[in-house]
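Peer 1:
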Amino acid sequence: MNISKIKDLRIKSNLTQKELSLKIGLNNTLYNKYENNYNTIPLIHLNTICNFFNVSIDYIFSNNKIENYQNSYPKIDKIICGKRLKEFRKEQKLTQTNLAIFLNTTHSVIADYEKGRFLISTSFLYAICKKFNISADYLLGKIDKPKYL
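Numbering (my numbering), first residue to last: 25 to 173.
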């Protein structure tokens, strides 16, 4: 998963890693690991960074060239995300097991996401968005349109 645009945005804003991590409330060492792809950035932290720079998650994922969407919500809603993930899965005629196999996980993990018990992992969201050309911001409940890119 490539999220190099975060580094580009930080540099363009003339911020050091330490300055940015302080501004968004993250430990500098942890932020460094995210920016350098040593650790996968959790969606909550990715969303914080996107909100700080006023860009969409789709933009960071390089799903489109639109930096931000009008009428975008700042928060991620795991209940809406679960409903939209289920709706998307059914549109694609995938079972929970089929989607789980694609993501190399179990159907119970997919069920937990769809019920809104847990927020989908960043790497799973990225894989779904890349394969099916669906908006991450849409799936996360941050926007209502566009659904597909």
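Quick reminder that beta carbons are idealized off the backbone N, C-alpha and C, glycines included.
As the structure is a computational prediction, the values presented were derived from the model and not from experiment.
Along the chain, which unbroken stretches of the alpha helix (DSSP H) at least 4 residues long are found entirely within the segment 49 to 105?
Peer 2: 52 to 59, 67 to 77, 81 to 84
Peer 1: Cβ atoms of Q41 and N26: under 8 angstroms apart, would you say?
Peer 2: Indexing the sequence shown from 1 puts residue 26 at position 2. Indexing the sequence shown from 1 puts residue 41 at position 17. Not in contact: N26 and Q41 (Cβ atoms no closer than 8 angstroms).
Peer 1: With a threshold of 7 angstroms on Cβ separation, who are the neighbours of N75 within its own chain once the five nearest residues in sequence on each side are excluded?
Peer 2: Sequence index remark: in the sequence shown, residue 75 carries index 51 (1-based). Closer than 7 angstroms at Cβ, skipping near neighbours: P98.
Peer 1: What does the Cβ neighbour count give for R141, buried or exposed, with the cut at 16 atoms within 10 Å?
Peer 2: Translated into the one-based positions of the sequence shown, residue 141 becomes position 117. So R141 ends up on the exposed side.
Peer 1: Based on the DSSP secondary-structure assignment, which residues constitute the bridge partners of I158?
Peer 2: Numbered from its first residue, the sequence shown carries residue 158 at position 134. Paired residue(s): Y172.
Peer 1: Return yes when the Cβ of L109 is within less than 8 angstroms of the Cβ of I144, no when it is not.
Peer 2: Here the question's residue 144 lines up with position 120 in the sequence shown. Here the question's residue 109 lines up with position 85 in the sequence shown. For I144 and L109, yes; Cβs fall inside 8 angstroms.
Peer 1: Going by beta-carbon coordinates alone, are I135 and Q116 separated by less than 8 angstroms?
Peer 2: One-based indexing of the sequence shown puts residue 135 at position 111. One-based indexing of the sequence shown puts residue 116 at position 92. It should be noted that the sequence gives Ala, not Ile, for residue 135. Against a cut-off of 8 angstroms, the Cβ pair of Q116 and A135 comes out as no contact.
Peer 1: Using the Cβ count rule (16 or more neighbours within 10 Å means buried), how would you classify K102?
Peer 2: One-based indexing of the sequence shown puts residue 102 at position 78. Per the 10 Å Cβ criterion, buried.
Peer 1: Can you find the residues in the same chain that come closer than 6 angstroms, C-beta to C-beta, to F77, ignoring five residues on each side of it along the sequence?
Peer 2: Taking the first residue of the sequence shown as position 1, residue 77 is located at position 53. Hits under 6 angstroms: L33.
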